[in-house]
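Undergrad: Below you will find the structure I want to go over with you.
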Amino acid sequence: MRHSEFWTAVEQVYGAALGRSLACDLVLAGTGCTAQEALARGVAPRQVWEALCEETNATETQRWVFREERRG
106 MRHSEFWTAV EQVYGAALGR SLACDLVLAG TGCTAQEALA RGVAPRQVWE ALCEETNATE
166 TQRWVFREER RG
């Protein structure tokens, strides 16, 4: 997972406003910091995504949204 895929998945699953709020404000048990802080510290986007999904009780479909094929 790339950083761009992380942010796209955040927006798709949580919406633009809530997604950014969660990334900036919610401390993730899996990382001990917010998603934004974890990414800045070099934590892999996939690990941050998994921690965010776990913390928010995301469904299996939501957890894999970044793997769906994009059709244009």
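Residue numbering for the sequence shown follows our numbering, starting at 106 and increasing by one per position. Glycine included, C-beta positions come from ideal geometry on N, C-alpha and C.
Helix, strand or coil: how does DSSP classify Thr-139 here?
TA: Locating residue 139 in the sequence shown gives position 34, where the first residue counts as 1. If DSSP states are grouped into helix, strand and coil, Thr-139 belongs with the strands.
Undergrad: Could you please give me the residues that DSSP links to Leu-131 through a beta bridge?
TA: Counted from its first residue, the sequence shown places residue 131 at position 26. Looking at the DSSP assignment, Leu-131 forms no beta bridge with any residue, so it has no partner.
Undergrad: From Glu-165, Gly-135, Cys-158, pick the residue whose C-alpha is nearest to that of Phe-111; which is it?
TA: By one-based count along the sequence shown, residue 111 stands at place 6. Nearest C-alpha to Phe-111: Cys-158.
Undergrad: According to the neighbour-count rule (16 or more other Cβ atoms, all chains shown, within 10 Å of its Cβ), is Thr-164 buried or exposed?
TA: Within the sequence shown, residue 164 is the residue found at index 59, counting from 1. Under this definition Thr-164 is an exposed residue.
Undergrad: Using 10 angstroms around the beta-carbon of Val-154, count the other beta-carbons present and answer buried if the total reaches 16, otherwise exposed.
TA: Your numbering for residue 154 matches position 49 in the sequence shown. Note that residue 154 is Trp in the sequence shown here, rather than Val. When all chains shown are included, Trp-154 counts as buried.
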